[in-house]
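Worksheet: the structure to be examined is printed underneath.
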Amino acid sequence: MNFTEEEESYYQYKEKGYQGEVAFDKWAEPLESLIFLNDVNLNVNNSHFQNDSLGITSGILHIFEVKNLEGDYTIKNDKWHSPKGNAVKNPLLQLEKAETLITQLVKSMGWRIHVKPHLVFVHPEFHLYNVPANLPIIHPGQLGRFREKLQQQSAKPTRTEIQIAEKLCSLLMDELPYSSVPAFTYEGLRKGIVCPGCGGFYGAFHKVFNCGYCGNRENCSDAVLRSIEEFKILFPESKMTTGGILEWCKVIKDDRTIRRILKGNFELTGHTKSAFYL
Ligand SMILES: [Zn+2]
1 MNFTEEEESY YQYKEKGYQG EVAFDKWAEP LESLIFLNDV NLNVNNSHFQ NDSLGITSGI
61 LHIFEVKNLE GDYTIKNDKW HSPKGNAVKN PLLQLEKAET LITQLVKSMG WRIHVKPHLV
121 FVHPEFHLYN VPANLPIIHP GQLGRFREKL QQQSAKPTRT EIQIAEKLCS LLMDELPYSS
181 VPAFTYEGLR KGIVCPGCGG FYGAFHKVFN CGYCGNRENC SDAVLRSIEE FKILFPESKM
241 TTGGILEWCK VIKDDRTIRR ILKGNFELTG HTKSAFYL
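Each residue of the sequence shown is one higher than the one before, counting from 1 in UniProt numbering.
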């Protein structure tokens with residue numbers, strides 16, 4: 001579907017955040033003695049907060065707030081400004097909130113562990129001007145040294161630390177997996193089969209699919225089965241019929257091809273005209 005400008009920028013924001021988390025995970029890989037909890041979703045004293053990563057080691061509970069901002073940012077009177085000069089949310093406030101709530105939780109649980117927050121910038125092309133001293137910020141150029149320091153300070157987790165991690169895990173809430181997807185309708189979506197290599201739509205179909213954008217080759221039934229999975233995720237309430245999947249895949253014109261794939265992989269329920277696959 002075509003995104004509105006707002007949806008597009010939200011999507012870009014989410015994609016960038018995800019890339020940041022991937023970069024952080026890669027950075028954190030050698031830190032084997034830390035216990036990591038990722039994508040933390042917690043409710044403490046009726047306040048909800050989300051955090052990228054918690055790490056436990058040597059009597060310290062590290063809060064890692066990961067940002068993938070790119071370009072030159074500036075701090076002016078406590079306000080953060082983007083490279084274009086626009087005011088942006090101060091990420092330190094989010095980190096402070098996480099620190100306050102985690103500290104409350106630690107106290108109420110009676111855990112003897114020290115809470116330490118870090119705002120981590122992972123994009124190599126990020127720079128922040130006018131940074132006051134003593135802020136808990138890790139700049140891209142410090143990532144290597146910061147990891148070394150953590151490595152030196154960390155020891156094999158104690159029994160208490162493992163218990164704290166387990167308790168934290170049990171308190172985590174599940175985030176609804178598709179809660180941030182924009183509203184869509186069947187009619188509003190472009191039909192066809194999307195190439196897994198590049199995300200472009202396949203052109204005409206001749207025995208196999210040949211992506212016109214990236215050159216990926218795929219056989220017919222793999223492509224159709226993937227499209228069916230996508231259909232099921234997007235429209236879990238809809239019944240799967242030959243006609244429906246034929247329309248959804250669009251580039252395949254012969255309904256016998258679709259019927260053969262459905263028959264071979266799903267079970268037919270019901271009779272004649274009202275029959276559908278499960
Ligand atoms: Zn492709």
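A virtual CB, placed ideally from N, CA and C, is assigned to each residue, including glycine.
Just so it is clear, the structure is predicted and the values come from calculations on it, not from any experiment.
My output table needs one value for residue i: the three-state DSSP class, helix, strand or coil.
i: N265; result: helix
i: F3; result: coil
i: G20; result: helix
i: F205; result: coil
i: A133; result: coil
i: A87; result: strand
i: I252; result: coil
i: I138; result: strand
i: R217; result: strand
i: L150; result: helix
i: L278; result: coil
i: L128; result: strand
Could you check where the alpha helix (DSSP H) with residue i kicks off and where it finishes?
i: P243; result: Note on identity: in this sequence residue 243 is Gly, with Pro being the wrong assignment. Taken as a continuous stretch (DSSP letters only), the alpha helix (DSSP H) holding G243 covers 242-249.
i: Q94; result: 91-109
i: V224; result: 220-234
Count the other CB atoms, across all protein chains shown, that sit within 10 Å of the CB of residue i; report buried if there are 16 or more and exposed otherwise.
i: D78; result: exposed
i: D254; result: exposed
i: D270; result: The question names Asp, but residue 270 is Gly in the sequence shown. Exposed, since its Cβ has fewer than 16 Cβ neighbours within 10 Å.
i: G197; result: exposed
i: C249; result: buried
i: E161; result: buried
i: H114; result: exposed
i: D72; result: exposed
i: F184; result: exposed
i: H62; result: buried
i: E237; result: exposed
i: V208; result: exposed
i: E65; result: buried
Starting from residue i, trace the beta strand (DSSP E) in both directions and tell me its first and last residue.
i: L121; result: Note that residue 121 corresponds to Phe in the displayed sequence, not to Leu. First-last of the beta strand (DSSP E) with F121: 114-121.
i: D72; result: 71-76
i: E65; result: 60-67
i: Q50; result: 47-57
i: I35; result: 35-44
i: K79; result: 79-81
Would you please verify whether the beta carbon of residue i is less than 8 Å from any beta carbon of chain D?
i: L54; result: In the structure shown, chain D does not exist; there is a single protein chain.
### Query
Can you list, in chain order, every residue whose CB sits closer than 6 Å to a heavy atom of ligand 1?
C195, G197, C198, G200, C211, Y213, C214, N216
### Query
If you scan the stretch 153-186 from start to end, which runs of the alpha helix (DSSP H) of 4 or more residues do you find wholly inside it?
159-171
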